[in-house]
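A.B. asks: Chains as they are written, first to last, in my numbering: chain A, 1 to 335; chain B, 1001 to 1335; chain C, 2001 to 2335; chain D, 3001 to 3335.
Quick one: the structure is below, and I'll ask about it shortly.
There are 4 protein chains.
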Amino acid sequence: MNFGIIGYGYWGPNIVRNLLTIDGAKVLAIADTNPAARHRARRLYPGIEITADTEAVLRSPKIDAIAVISPVWTHYELAKAALENGKHVFVEKPFTSQSEQGKELIELAARKGLTIMVDHTFLFTGAVRKIMQLVDEGTLGKLYYYDSTRINLGLFQHDINVVWDLAPHDLSIMDYLFKQMPEAVVATGQSHLNGHEDIAFLTLYFSDQMIAHINVNWISPVKMRTTLIGGEKRMLVWNDLVPDEKLRVYDRGVDVTTNDVEEVYSRLVSYRTGDMWAPQLEQGEALRKELAYFIECAQNGRRPINDGEAGLRVVKMLEAASRSLEKRGEMVPCC
Amino acid sequence: MNFGIIGYGYWGPNIVRNLLTIDGAKVLAIADTNPAARHRARRLYPGIEITADTEAVLRSPKIDAIAVISPVWTHYELAKAALENGKHVFVEKPFTSQSEQGKELIELAARKGLTIMVDHTFLFTGAVRKIMQLVDEGTLGKLYYYDSTRINLGLFQHDINVVWDLAPHDLSIMDYLFKQMPEAVVATGQSHLNGHEDIAFLTLYFSDQMIAHINVNWISPVKMRTTLIGGEKRMLVWNDLVPDEKLRVYDRGVDVTTNDVEEVYSRLVSYRTGDMWAPQLEQGEALRKELAYFIECAQNGRRPINDGEAGLRVVKMLEAASRSLEKRGEMVPCC
Amino acid sequence: MNFGIIGYGYWGPNIVRNLLTIDGAKVLAIADTNPAARHRARRLYPGIEITADTEAVLRSPKIDAIAVISPVWTHYELAKAALENGKHVFVEKPFTSQSEQGKELIELAARKGLTIMVDHTFLFTGAVRKIMQLVDEGTLGKLYYYDSTRINLGLFQHDINVVWDLAPHDLSIMDYLFKQMPEAVVATGQSHLNGHEDIAFLTLYFSDQMIAHINVNWISPVKMRTTLIGGEKRMLVWNDLVPDEKLRVYDRGVDVTTNDVEEVYSRLVSYRTGDMWAPQLEQGEALRKELAYFIECAQNGRRPINDGEAGLRVVKMLEAASRSLEKRGEMVPCC
Amino acid sequence: MNFGIIGYGYWGPNIVRNLLTIDGAKVLAIADTNPAARHRARRLYPGIEITADTEAVLRSPKIDAIAVISPVWTHYELAKAALENGKHVFVEKPFTSQSEQGKELIELAARKGLTIMVDHTFLFTGAVRKIMQLVDEGTLGKLYYYDSTRINLGLFQHDINVVWDLAPHDLSIMDYLFKQMPEAVVATGQSHLNGHEDIAFLTLYFSDQMIAHINVNWISPVKMRTTLIGGEKRMLVWNDLVPDEKLRVYDRGVDVTTNDVEEVYSRLVSYRTGDMWAPQLEQGEALRKELAYFIECAQNGRRPINDGEAGLRVVKMLEAASRSLEKRGEMVPCC
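In structure tokens, the structure reads:
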């Protein structure tokens, strides 16, 4: 499969580097309007065509798939052009700036028989794959909550706020785990510097007493990537910043020892504490696995777990969060 | 100063143990309606009167001050009786179940010339005293946010939810640091077991773009006590669970490099990263310092920083949070 | 069982506090030659006789057992007097200053039918009990090494060096786990301040390729209490400073994949990495369990695991280490 | 400067990748006898000559410098051939298998006016540069000790033991900091698997009461890279495994409060505890800086801090450690 890459800024180089190690994948062209980006690409990859002419790449008959690794406001136009030219599309998250655009792209791809994959890279990490397995096999029991802290100093985005920048990671993971859309979103936050919120807190209400909470912050002195998932049977903590034992599963929980459903306030609640267990995780770079999966899906017409629909659901949650944020936490129903 | 103690459950023994080491303080009587609690007290303190007769302690003419260390719904009645009997009152947090009760107690104490102190113990820890100093001296600069995570497994309360149980710690600290009431509170959360919320998230909006966020959880597999405070000049992380270097001050922040106020979205934002510094903290048990301060305030008619008014402000924030929580995050103005 | 306590300095208060909570144990008298220590004891325990007269306590006919909680150079004389007066002896570690003294005390106790227990408290912690179980049940497989880091700033002892102060903890644990005396000891170190070594490193060679290493240091800026135990099947890390998950058992190791014993240097070695597991540990204060066990052993004539012989083995290792240290690491055979 | 690379195994790719980003550096050829290594190199660098013919690279008239990134037993022959062909030499640590070989290479380079640099990469990390500065400027005061733990599971070497594999890092850093050779080395350890020691402990005695200790281990379940350096004025901990705040400087120490030098054992020792400070460290990849420095030294005839002499000192310490290890800790004078 021959790839054209649109955008060689922060993330593009990782896409190229990984594609080069996948058998059967080739990178024919890299387009970037920034001369400095083109210079960096040329130095490392003298054998690849490096160009400022995005149009030419999108149209090149030798190219089978386009990777759109540019700012979110450009995704719709670029992906649309790629699909119209008969190319499969691998697109950076978030999928699009507006849910309407996402819907249109999904329909266009369906009409053309092409594959869209949204780069929800975390779904391909060893940690998240193991979490998926633990949830799907019922090891955690019924889910109670998903609570994530994703904070650091910078990188400030100048076109989007911290929610659109950092929350898609958690929204895409949570979307997989909960397998339902939230009923409503409550988002609070504040902007201090450039008019975009730099700190924000999302609560997502789901049916069945499930709740999710996401804390995103660009002005934190320390970097944290910690997610707690609580279930009826077991609970886990995923710390993505440690080199080993990123995932810790606790045989801990709460037991309600009376069954008198009517008398909830008088229920006796007791704690159960047991062993902790850090399962060995699958190794290997997540992005490489995701790209290999993209190629396989595109070639076999298989629907990826991170397809356009998954990308669209994340965009809808972001839109609801934005509306809630504007009104200082007003509950916004989600679709 | 002669003390009578009402309540010898979880926290009462710490009050007694600390009072015994303060010169000039005596514990004359401990009242508890639970025979097991009285047995424990008798074993350790054969010289102190241990009784089930709360009334007698409240009225005893030899007693100068009453420590009310009982469930929150009993605070109002007990504190009122103590004040009416001419005793100073040291009362567990939260001050009262309702703000009206708090107001009444404040007025009663004022009329009687008696001291009320609400047990906001954290204000007397080395870490919080240093934070107060850093904020008051301007080391952090204008405050941007206060963000606290206070989670653990249990201890489930059967009369109150997790907000009333764990949030008063942060609300009392934040109240001191921000020196203003929040404009509004947004609270989200969920109950899974006994009808009281066991997980909740509070956002408090202040004037001047200041924002606070508090994450409280009784069903977390791990214990966390981590607070981030971001300021224009510096930021800090307070981890109360580590034995050393609980407080880390970061010479990090964000600089806006254009002054064109109109064009906020195009402002250039740049990061400043510098050294980290963990100041040596004052040693000694916070509760002992607080009790010594109570005695001094009561004896000299000095108004404590954690007086009834401070306790009342915390109760008002809790009430606003409760109202917001019921309506799934509706913004509730705070007084 | 009625106790007399000799020494109410740093550790004595913990002995008294724990004895007071054990049914059937009574503390009749506390002797200390330091008036400040006696003052502290009197304040807390008005019902106990507090005295400077050690002799009287040792001879009191009402006392069944003496706890010797004084500097090591006094252990021999005090324990001897206690045994001669027919009292069981609970003695602080290290057992005695010289192995000859230890032997004499063991013989005296045997003649009198009395119990000696050396306060190797760590053997009664949840962490060490679990380690003992893992080793005894073969979960770790054949042991390869024991490597402990036990460092902090102070407390400088003025009568002994850092080896005699800190190493007994590890030597007593290792003595239990390896169940053999080391063949030889190599000790290196340095004194910088008061003539006693303040930093030292012990290597103990055992048969069967087992090796132990202990790093002790009074002039470390940070406190560390970390022990690694490597076995053929599994390995563990014990970090005594964390509140939870002190013990982590790793399903990791090394496999030798050729059996050609002659050709050791060409053996293929491969790594095995698997899950980590942090077993739930027994709760409760170790010292309380140890004291209850002392009472039970003394009353039933049962031989404690931390008897005089165990204490003597530790003293012999300390003596060998001291001789090696003087000669800058010369290998000293151990008994 | 045109480079030829000998060896494209584990470390070689890092050398090549960094050279490609240095202005003025070119990689003309990579030689490796392993076809798999050559295949990997060809895939990434179609523009570079990849060959099995080491001789041809060593002799090529277009090449100015040879990087020897092969097993230690090959260093002497390869570096000698490179120097004889008039090329500067960048050689992996440890410099040579025997100190005699190192001396010969140093003399040969001096005769030919060529530069030898031994790859002591750590000297170019932000953390070690800052430590060097703190020591050189006297911030730590007179040094008391250097104590390093460098342990992990694997990678087993089949030609050398764990001391020759892991200790050179610490020996090269310590050599820079202490600026003197040790008086004697004591090394203990054990082999469990393939005949080479897989766990070892080095003590190095220096004049002036300075002491160093290095704990190296290939069969540890966890990876640790922690170094403590204690000085009279301040102490530091360097943890190389954390992403931020790798270096922590503690304003802690010990004060001797009596000046009676004769009476060392009765000196009063008191502790000083103060703030901790984590200085911002220089960013950027150490290997890139080292290679740029190599080019600058070679071009200007400047003597590198990590020259052949520095490499030779490390080899001499390793030889002394090996002799001590064989005799189970016998003290071996160092040169």
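Glycine included, each C-beta is placed from N, C-alpha and C at the ideal position.
Report the residue ranges of all beta strand (DSSP E) runs contained in full by the stretch 272-311 of chain A; include only those spanning at least 3 residues, in chain order.
C.D. replies: Taking only runs of at least 3 residues, the beta strand (DSSP E) segments lying wholly in the stretch 272-311 of chain A are 276-278.
A.B. asks: Pull the bridge partners of ILE2030 (chain C) from the DSSP assignment, please.
C.D. replies: Your numbering for residue 2030 (chain C) matches position 30 in the third sequence. Per DSSP, C:ILE2005 and C:ILE2050.
A.B. asks: So within the stretch 96-183 of chain A, which uninterrupted beta strand (DSSP E) runs reach at least 3 residues, ignoring any that extend past its ends?
C.D. replies: Fully enclosed beta strand (DSSP E) runs of 3 or longer: 116-119 and 143-153.
A.B. asks: Can you have a look at ALA2041 (chain C) and say buried or exposed, based on whether 16 or more other CB atoms are within 10 angstroms of its CB?
C.D. replies: Here residue 2041 (chain C) refers to the residue found at position 41 of the third sequence. It counts as buried.
A.B. asks: Compute the Euclidean distance between the alpha carbons of LYS3142 (chain D) and LEU1247 (chain B), then round it to the nearest angstrom.
C.D. replies: Walking along the fourth sequence from the start, residue 3142 (chain D) turns up at place 142. Walking along the second sequence from the start, residue 1247 (chain B) turns up at place 247. LYS3142 (chain D) and LEU1247 (chain B): Cα-Cα distance of roughly 29 angstroms.
A.B. asks: Identify every residue that forms a DSSP beta bridge with MET2235 (chain C).
C.D. replies: Numbered from 1 along the third sequence, position 235 holds the residue referred to as residue 2235 (chain C). DSSP output for MET2235 (chain C) lists C:GLY2230 and C:TYR2250 as bridge partner(s).
A.B. asks: Which residue from B:GLN1190, B:ILE1063 and B:MET1331 puts its Cα closest to that of TYR145 (chain A)?
C.D. replies: If you number the first sequence from 1, residue 145 (chain A) lands on position 145. Taking only the C-alpha atoms, the option nearest TYR145 (chain A) is B:GLN1190.
A.B. asks: For VAL1216 (chain B), I'd like the list of residues in its chain whose CB is within less than 7 angstroms of its CB, leaving aside the five on either flank, ordered along the chain.
C.D. replies: For this step, residue 1216 (chain B) is matched to residue 216 along the second sequence. Here the set comprises ARG1150, ILE1151, VAL1162, VAL1163, LEU1166, ALA1167 and ALA1200.
A.B. asks: 7 angstroms is my cut-off, CB to CB: does GLN1280 (chain B) come that close to chain D?
C.D. replies: Reading the second sequence from its first residue, position 280 is the one you call residue 1280 (chain B). Taking Cβ atoms only, chain D reaches closer than 7 angstroms to GLN1280 (chain B), which makes this a yes.
A.B. asks: Who are the Cβ neighbours of SER3099 (chain D) in its own chain at under 7 angstroms, not counting the five residues just before and after it?
C.D. replies: The sequence position of residue 3099 (chain D) within the fourth sequence is 99, counting from 1. Hits under 7 angstroms: LEU3312, VAL3315, LYS3316 and GLU3319.
A.B. asks: Spell out whether any CB of chain C is found under 7 angstroms from the CB atom of PRO1046 (chain B).
C.D. replies: Stepping through the second sequence from its first residue, residue 1046 (chain B) is reached at position 46. Chain C contact via Cβ: present.
A.B. asks: Over what stretch of residues does the alpha helix (DSSP H) that includes TYR2010 (chain C) continue unbroken?
C.D. replies: Position 10 of the third sequence holds residue 2010 (chain C). No alpha helix (DSSP H) contains TYR2010 (chain C), which DSSP labels as neither H nor E.
A.B. asks: From what residue to what residue does the alpha helix (DSSP H) around ALA2079 (chain C) run?
C.D. replies: Locating residue 2079 (chain C) in the third sequence gives position 79, counting from the first residue. Taken as a continuous stretch (DSSP letters only), the alpha helix (DSSP H) holding ALA2079 (chain C) covers 2075-2084.
A.B. asks: Looking at C-alpha atoms only, which residue of C:SER2220, C:LEU2325, C:GLU2232 and C:ARG2252 is the closest neighbour of THR3273 (chain D)?
C.D. replies: Along the fourth sequence, read from residue 1 onward, the residue named residue 3273 (chain D) stands at position 273. Among C:SER2220, C:LEU2325, C:GLU2232 and C:ARG2252, the Cα nearest to that of THR3273 (chain D) belongs to C:SER2220.
A.B. asks: Going by DSSP in three states, MET1224 (chain B) sits in which element: helix, strand or coil?
C.D. replies: The residue you call residue 1224 (chain B) lines up with position 224 of the second sequence. In this structure, MET1224 (chain B) counts as strand in the three-state DSSP scheme.
A.B. asks: ASP275 (chain A) touches chain C at which residues, Cβ-Cβ below 7 angstroms?
C.D. replies: Residue 275 (chain A) sits at position 275 when you count from the first residue of the first sequence. Correct list: TRP2277, ALA2278, PRO2279 and GLN2280.
A.B. asks: Mind pulling the chain C residues with CB within less than 7 angstroms of ASP245 (chain A)?
C.D. replies: For the purposes of this step, residue 245 (chain A) is identified with residue 245 of the first sequence, where counting begins at 1. Before going on, a small fix: residue 245 (chain A) reads as Glu here, not Asp. Within 7 angstroms Cβ-Cβ: MET2276.
A.B. asks: Out of curiosity, what's the CA-to-CA distance linking TRP11 (chain A) and ILE69 (chain A)?
C.D. replies: For the purposes of this step, residue 11 (chain A) is taken as the residue at position 11 of the first sequence. For the purposes of this step, residue 69 (chain A) is taken as the residue at position 69 of the first sequence. Using only the alpha carbons, I get a separation of about 7 angstroms.
A.B. asks: Quick check: what's the CA-CA separation for GLU2197 (chain C) versus ALA2321 (chain C)?
C.D. replies: Along the third sequence, one-based indexing puts residue 2197 (chain C) at 197. Along the third sequence, one-based indexing puts residue 2321 (chain C) at 321. The straight-line gap from Cα to Cα measures roughly 12 angstroms.
A.B. asks: In the structure shown, what three-state DSSP assignment does HIS192 (chain A) receive?
C.D. replies: Walking along the first sequence from the start, residue 192 (chain A) turns up at place 192. Residue state, collapsed to three classes: coil.
A.B. asks: Can you tell me the Cβ-Cβ gap for PHE2090 (chain C) and ASP2119 (chain C), rounded? I've got them flagged as a contact below 8 angstroms.
C.D. replies: The residue given as residue 2090 (chain C) occupies position 90 in the third sequence. The residue given as residue 2119 (chain C) occupies position 119 in the third sequence. Confirmed, Cβ separation roughly 6 angstroms.
A.B. asks: In three-state terms, what does DSSP make of PRO1333 (chain B)?
C.D. replies: Position 333 of the second sequence holds residue 1333 (chain B). It is a strand residue.
A.B. asks: Which term fits GLY308 (chain A), buried or exposed, when burial requires 16 or more other beta carbons within 10 angstroms of its beta carbon?
C.D. replies: Counted from its first residue, the first sequence places residue 308 (chain A) at position 308. Buried, because 16 or more other Cβ atoms sit within 10 Å of the Cβ of GLY308 (chain A).
A.B. asks: Please classify VAL3242 (chain D): does DSSP put it in a helix, a strand, or coil?
C.D. replies: Position 242 of the fourth sequence, counted from the start, is the residue given in the question as residue 3242 (chain D). DSSP places VAL3242 (chain D) in coil when its eight states are reduced to three.
A.B. asks: According to the neighbour-count rule (16 or more other Cβ atoms, all chains shown, within 10 Å of its Cβ), is LYS130 (chain A) buried or exposed?
C.D. replies: Indexing the first sequence from 1 puts residue 130 (chain A) at position 130. Classification for LYS130 (chain A): buried.
A.B. asks: Between TYR76 (chain A) and LEU105 (chain A), what straight-line distance do the alpha-carbon atoms span, to the nearest angstrom?
C.D. replies: Working through the first sequence from its first residue, we reach residue 76 (chain A) at position 76. Working through the first sequence from its first residue, we reach residue 105 (chain A) at position 105. Distance between the alpha carbons of TYR76 (chain A) and LEU105 (chain A): 7 angstroms.
A.B. asks: Look at the Cβ atom of TRP3277 (chain D), then the Cβ atom of TRP1277 (chain B), and state whether they are nearer than 7 angstroms.
C.D. replies: For this step, residue 3277 (chain D) is matched to residue 277 along the fourth sequence. For this step, residue 1277 (chain B) is matched to residue 277 along the second sequence. Yes, these two residues count as a Cβ contact at 7 angstroms.
A.B. asks: Measure how close the beta-carbons of ALA184 (chain A) and ARG1328 (chain B) come, nearest whole angstrom, since I'm counting them as under 8 angstroms.
C.D. replies: Position 184 of the first sequence, counted from the first residue, corresponds to residue 184 (chain A). Position 328 of the second sequence, counted from the first residue, corresponds to residue 1328 (chain B). Going by Cβ atoms, the distance from ALA184 (chain A) to ARG1328 (chain B) rounds to 7 angstroms, so yes, they are a contact pair.
A.B. asks: Counting contacts by CB-CB distance shorter than 7 angstroms, is ARG328 (chain A) in contact with chain B?
C.D. replies: By one-based count along the first sequence, residue 328 (chain A) stands at place 328. Answer yes: the Cβ-Cβ gap between ARG328 (chain A) and chain B drops below 7 angstroms somewhere.
A.B. asks: Please look up how many angstroms separate the CB atoms of SER2172 (chain C) and ALA2298 (chain C), rounded, as I've assumed it's under 8 angstroms.
C.D. replies: As a first step, residue 2172 (chain C) is located in the third sequence; it is residue number 172 there, counting from the start. As a first step, residue 2298 (chain C) is located in the third sequence; it is residue number 298 there, counting from the start. That belief does not hold up - the Cβ atoms of SER2172 (chain C) and ALA2298 (chain C) are roughly 20 angstroms apart, past 8 angstroms.
A.B. asks: Looking only at DSSP bridge pairs, what is ALA1067 (chain B) linked to?
C.D. replies: If you number the second sequence from 1, residue 1067 (chain B) lands on position 67. Paired residue(s): B:ILE1005 and B:PHE1090.
A.B. asks: Quick check on SER3220 (chain D) - is its C-beta less than 7 angstroms from some C-beta in chain C?
C.D. replies: Within the fourth sequence, the letter at position 220 stands for residue 3220 (chain D). Judged by the 7 angstroms Cβ criterion, SER3220 (chain D) is in contact with chain C.
A.B. asks: With a 10 Å radius around its C-beta and 16 neighbouring C-beta atoms as the bar for buried, classify GLN2180 (chain C) as buried or exposed.
C.D. replies: If you number the third sequence from 1, residue 2180 (chain C) lands on position 180. When all chains shown are included, GLN2180 (chain C) counts as exposed.
A.B. asks: Flag PHE1201 (chain B) as yes if its beta-carbon sits less than 7 angstroms from any beta-carbon of chain A, otherwise no.
C.D. replies: On the second sequence, position 201 is the one that residue 1201 (chain B) refers to. Chain A, which has a Cβ nearer than 7 angstroms to the Cβ of PHE1201 (chain B), makes this yes.
A.B. asks: Determine the extent of the beta strand (DSSP E) in which LEU3202 (chain D) is found, giving its start and end residues.
C.D. replies: Locating residue 3202 (chain D) in the fourth sequence gives position 202, counting from the first residue. Looking at the DSSP string, the run of the beta strand (DSSP E) that includes LEU3202 (chain D) is 3199-3205.
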